[in-house]
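First residue of the sequence shown: 413, per our numbering; consecutive thereafter. Even glycine gets a Cβ: it sits at the ideal position worked out from N, Cα and C.
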Amino acid sequence: MSVTSRIPPIQCLLTFEALARLRSVTQAAEELCVTPSAVSHRVKQLEQIIGTKLFGRVDFSLTTEGIEYLAHVREGLVSLQRFPSANAPSGRRKLRLAVTPTFARSVLMPRLKHFLDAYPEIDITLQVSIPLLDVVAEDADLTVRFGTGRYSDVEHVCLAKDEVTPLASPAWLRENGPFTSVEDLQNQPLLRSPLEPWRTWFAAHELDWPEPTEGSSFNDIGLMCDAAAQGLGIGLIRTKLGAPWLESGQLVRLFERSVPSPHAHYLCWRTGTMERWECATFADWLKSALA
């Protein structure tokens, strides 16, 4: 069998990319100037050629295989747009990200090299946004927000939920422990943050304790992890964000149990942003990397 016989028709690939981006047969048909039935036929033909399902049945969400294949298709379509010319532009794409500090440090940075290796034509500018203080880079293409997910000003998708548990430095725990029950936290130095209130932990253990009003407070989870690692007290810290400190041994658990955080990280963007290949590619990659 020749190599070309295994390459799907270009109209099938263009239709797949449009439907994956728009999630609407009608809109994809309008963009491609074909009928809705043609869109459905082309997608079905593509799935038959590659031998796998690309879309879910109801909302046109991508399957795991669909997410992976979409990245290859978009990369291939971009390559086809490059024409040989002595004066041709470099073809580099610019992507501006605004990310919360500890998410960038603990979650994004350990994975970012994999993305840049896969898409070397994309240059990323990484900026810091601060939750709850509305410090956001206005010109960012994609923003990672931390909160409840009720964002009426932007389109968004949940990236990662997490669990919280009390953490402290090994030295502090040796000096002040052991902690055999949650009640042992009473009168201990509890590090505070508006990003992760202690009432989440108290309520999960059926304690009617009030939110602490005394002690050191931090508006960044990474700073609170550093403070706990320095022996300043106990931090209620998300396990995914606290992973670097836990893995290095700078912080340890007081209890085996973790409880769900009421907040999560969301990827947000303005309407129309995902029409740019580099934005859609990064969003698909990040969702897949954190799945």
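| query | result |
| --- | --- |
| Cβ neighbour criterion (16 or more within 10 Å) applied to E459 | buried |
| Local conformation of G432 per DSSP, three classes | Note that residue 432 is Ala in the sequence shown here, rather than Gly. Three-state result, A432: helix. |
| CA-to-CA distance, E480 to H526, given in whole angstroms | 14 Å |
| Endpoints, beta strand (DSSP E) assigned at R505 | 505-511 |
| Segment limits, alpha helix (DSSP H) that includes S452 | 448-462 |
| Burial state of H484, where buried means 16 or more other Cβ atoms lie within 10 Å | exposed |
| Local conformation of Q423 per DSSP, three classes | helix |
| Distance between A510 and V547 (C-alpha atoms, nearest Å) | With a pLDDT of only 49 at V547, under the threshold of 50, the placement of this residue in the model should not be trusted; the figure read from the coordinates follows. Roughly 10 Å separates the two Cα atoms. |
| Contacts around F515, its chain only, beta-carbon distance under 6 Å, and the 5 residues preceding and following it disregarded | V556, H677 |
| Which of helix, strand or coil DSSP assigns to S629 | strand |
| Enclosing alpha helix (DSSP H) for G478 [first to last residue] | 476-492 |
| Terminal residues of the beta strand (DSSP E) in which P672 lies | 671-681 |
| Whole-angstrom distance between T625 and H568, CA atom to CA atom | 33 Å |
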